[in-house]
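Colleague: Numbering (the numbering used here), first residue to last: 43 to 210.
1. Three-state secondary structure (DSSP) at residue 201?
2. Pull up the distance between the alpha-carbon of residue 44 and that of residue 115, whole angstroms please.
3. Check the C-beta distance from residue 173 over to residue 192 and give it rounded, since I have them as a contact under 8 Å.
4. What would DSSP say about residue 214, mapped onto helix, strand or coil?
5. Smallest Cα separation from residue 101: which of 95, 87 and 125?
6. Unbroken alpha helix (DSSP H) runs of length 4 or more, entirely within the segment 43-105: which are they?
7. Quick check on residue 178: buried or exposed, where buried means 16 or more other Cβ atoms within 10 Å of its Cβ?
This is the structure in C-alpha coordinates:
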(Lines of atoms letter the chains of each structure in order from A and count residues from 1; the text may use other names and numbers.)
(Lines give C-alpha, C1' and ligand atoms only; values in the text may rest on other atoms or scores of the structure.)
Protein backbone atom coordinates (compact mmCIF):
# COMPACT_ATOMS: atom_id res chain seq x y z
CA UNK A 1 0.00 0.00 0.00
CA UNK A 2 2.75 2.47 0.92
CA UNK A 3 4.74 1.53 -2.18
CA UNK A 4 1.73 2.34 -4.41
CA UNK A 5 1.27 5.67 -2.65
CA UNK A 6 4.94 6.56 -3.06
CA UNK A 7 5.02 5.49 -6.70
CA UNK A 8 2.13 7.86 -7.50
CA UNK A 9 3.90 10.97 -6.13
CA UNK A 10 4.83 13.44 -8.84
CA UNK A 11 8.62 13.49 -9.39
CA UNK A 12 8.66 17.28 -9.24
CA UNK A 13 7.48 17.16 -5.63
CA UNK A 14 10.29 14.75 -4.76
CA UNK A 15 12.83 17.06 -6.42
CA UNK A 16 11.46 20.10 -4.57
CA UNK A 17 11.67 18.27 -1.23
CA UNK A 18 15.26 17.23 -2.01
CA UNK A 19 16.19 20.75 -3.09
CA UNK A 20 14.85 22.21 0.16
CA UNK A 21 16.43 19.47 2.30
CA UNK A 22 19.84 19.99 0.71
CA UNK A 23 19.64 23.71 -0.06
CA UNK A 24 18.41 24.98 3.31
CA UNK A 25 21.47 23.88 5.34
CA UNK A 26 23.82 25.14 2.64
CA UNK A 27 22.09 28.51 2.29
CA UNK A 28 21.76 29.15 6.03
CA UNK A 29 25.04 27.58 7.17
CA UNK A 30 23.11 25.30 9.50
CA UNK A 31 25.17 22.36 10.77
CA UNK A 32 24.72 19.50 13.18
CA UNK A 33 27.40 18.91 15.78
CA UNK A 34 28.98 15.47 15.50
CA UNK A 35 28.27 12.98 18.24
CA UNK A 36 30.90 12.61 20.95
CA UNK A 37 32.42 9.17 20.67
CA UNK A 38 33.92 7.30 23.64
CA UNK A 39 37.04 6.41 21.63
CA UNK A 40 37.63 10.08 20.81
CA UNK A 41 37.13 11.09 24.43
CA UNK A 42 39.61 8.42 25.53
CA UNK A 43 42.22 9.59 23.01
CA UNK A 44 41.77 13.18 24.19
CA UNK A 45 42.37 12.10 27.79
CA UNK A 46 45.48 10.11 26.79
CA UNK A 47 47.00 13.13 25.03
CA UNK A 48 46.07 15.38 27.95
CA UNK A 49 47.78 12.99 30.38
CA UNK A 50 51.14 13.12 28.56
CA UNK A 51 53.72 14.90 30.70
CA UNK A 52 54.94 17.99 28.83
CA UNK A 53 57.97 18.35 31.12
CA UNK A 54 59.41 14.97 30.16
CA UNK A 55 60.41 14.81 26.47
CA UNK A 56 58.56 12.13 24.57
CA UNK A 57 57.60 11.39 20.99
CA UNK A 58 54.19 10.39 19.71
CA UNK A 59 54.01 8.32 16.53
CA UNK A 60 51.13 8.92 14.14
CA UNK A 61 50.57 6.25 11.49
CA UNK A 62 48.76 7.85 8.56
CA UNK A 63 47.78 4.62 6.86
CA UNK A 64 45.06 5.90 4.57
CA UNK A 65 44.73 6.91 0.98
CA UNK A 66 42.54 9.05 -1.23
CA UNK A 67 39.59 6.67 -0.79
CA UNK A 68 39.24 7.42 2.92
CA UNK A 69 40.90 10.85 2.91
CA UNK A 70 37.65 12.74 3.56
CA UNK A 71 37.09 10.73 6.72
CA UNK A 72 40.65 10.30 7.99
CA UNK A 73 42.13 13.74 7.28
CA UNK A 74 39.92 15.60 9.80
CA UNK A 75 40.61 12.93 12.42
CA UNK A 76 44.35 13.20 11.85
CA UNK A 77 44.23 17.01 11.83
CA UNK A 78 42.54 17.05 15.23
CA UNK A 79 45.21 14.78 16.72
CA UNK A 80 48.05 16.80 15.15
CA UNK A 81 46.48 20.06 16.38
CA UNK A 82 46.11 18.72 19.91
CA UNK A 83 49.75 17.61 19.99
CA UNK A 84 50.97 20.93 18.57
CA UNK A 85 48.92 23.00 21.01
CA UNK A 86 50.35 21.03 23.93
CA UNK A 87 53.87 21.33 22.45
CA UNK A 88 54.23 17.56 22.32
CA UNK A 89 56.65 16.30 19.70
CA UNK A 90 55.40 13.81 17.13
CA UNK A 91 56.47 11.89 14.06
CA UNK A 92 54.31 10.79 11.15
CA UNK A 93 54.84 7.74 8.97
CA UNK A 94 52.86 5.31 6.87
CA UNK A 95 53.01 1.72 5.72
CA UNK A 96 50.67 2.58 2.83
CA UNK A 97 52.50 4.06 -0.18
CA UNK A 98 49.59 6.13 -1.50
CA UNK A 99 49.35 8.07 1.76
CA UNK A 100 52.85 9.52 1.45
CA UNK A 101 51.70 12.95 0.16
CA UNK A 102 49.56 13.46 3.27
CA UNK A 103 52.51 12.99 5.63
CA UNK A 104 53.68 16.55 5.00
CA UNK A 105 50.54 18.32 3.90
CA UNK A 106 48.40 17.54 6.94
CA UNK A 107 50.85 18.78 9.63
CA UNK A 108 51.78 21.83 7.51
CA UNK A 109 48.11 22.69 6.98
CA UNK A 110 47.41 22.48 10.71
CA UNK A 111 50.49 24.60 11.52
CA UNK A 112 49.43 27.31 9.04
CA UNK A 113 45.96 27.38 10.57
CA UNK A 114 47.38 27.63 14.11
CA UNK A 115 49.80 30.40 13.09
CA UNK A 116 46.88 32.43 11.68
CA UNK A 117 45.18 32.01 15.03
CA UNK A 118 48.27 33.13 16.96
CA UNK A 119 51.12 34.67 14.95
CA UNK A 120 53.47 34.60 17.97
CA UNK A 121 53.49 30.80 18.06
CA UNK A 122 55.95 28.93 15.84
CA UNK A 123 56.33 25.23 15.14
CA UNK A 124 59.45 23.98 13.44
CA UNK A 125 60.08 20.87 11.38
CA UNK A 126 62.70 18.70 13.04
CA UNK A 127 62.01 20.22 16.45
CA UNK A 128 58.26 19.88 16.98
CA UNK A 129 57.50 17.25 14.37
CA UNK A 130 59.15 15.06 11.78
CA UNK A 131 58.04 13.15 8.68
CA UNK A 132 59.48 9.63 8.66
CA UNK A 133 57.95 8.86 5.27
CA UNK A 134 56.55 5.70 3.75
CA UNK A 135 57.90 2.49 5.27
CA UNK A 136 57.51 -0.70 3.24
CA UNK A 137 56.93 -4.04 4.86
CA UNK A 138 53.47 -3.57 6.33
CA UNK A 139 52.88 -5.69 9.41
CA UNK A 140 56.50 -6.85 9.52
CA UNK A 141 57.62 -3.24 9.80
CA UNK A 142 55.16 -2.62 12.66
CA UNK A 143 56.41 -5.72 14.48
CA UNK A 144 60.02 -4.57 14.11
CA UNK A 145 59.06 -1.07 15.28
CA UNK A 146 57.42 -2.51 18.41
CA UNK A 147 60.62 -4.42 19.24
CA UNK A 148 62.88 -1.39 18.70
CA UNK A 149 64.59 0.17 21.71
CA UNK A 150 65.85 3.29 19.93
CA UNK A 151 63.60 4.97 17.36
CA UNK A 152 66.38 7.18 15.96
CA UNK A 153 68.48 4.10 15.21
CA UNK A 154 65.49 2.19 13.87
CA UNK A 155 64.31 4.89 11.46
CA UNK A 156 67.79 6.40 10.84
CA UNK A 157 66.57 9.17 8.48
CA UNK A 158 63.48 11.25 7.91
CA UNK A 159 61.59 11.41 4.60
CA UNK A 160 64.02 14.05 3.29
CA UNK A 161 67.20 12.11 4.10
CA UNK A 162 68.08 14.05 7.28
CA UNK A 163 69.65 11.89 9.96
CA UNK A 164 67.33 11.74 12.96
CA UNK A 165 70.24 11.96 15.41
CA UNK A 166 70.96 15.47 14.05
CA UNK A 167 67.40 16.73 14.39
CA UNK A 168 66.54 18.47 17.65
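Glycine included, each C-beta is placed from N, C-alpha and C at the ideal position.
Modeller: The short version:
1. If DSSP states are grouped into helix, strand and coil, residue 201 belongs with coil.
2. Whole-angstrom Cα-Cα distance: 41 Å.
3. Your pair residue 173 and residue 192 does not check out as a contact, with CB atoms roughly 19 Å apart and the cut at 8 Å.
4. Given that the chain is displayed from residue 43 to residue 210, the structure contains no residue 214 and the question cannot be resolved.
5. Nearest C-alpha to residue 101: 125.
6. Qualifying alpha helix (DSSP H) stretches, in chain order: 44-49, 53-70 and 80-91.
7. By the Cβ neighbour-count rule, residue 178 is exposed, with fewer than 16 other Cβ atoms within 10 Å of its own.
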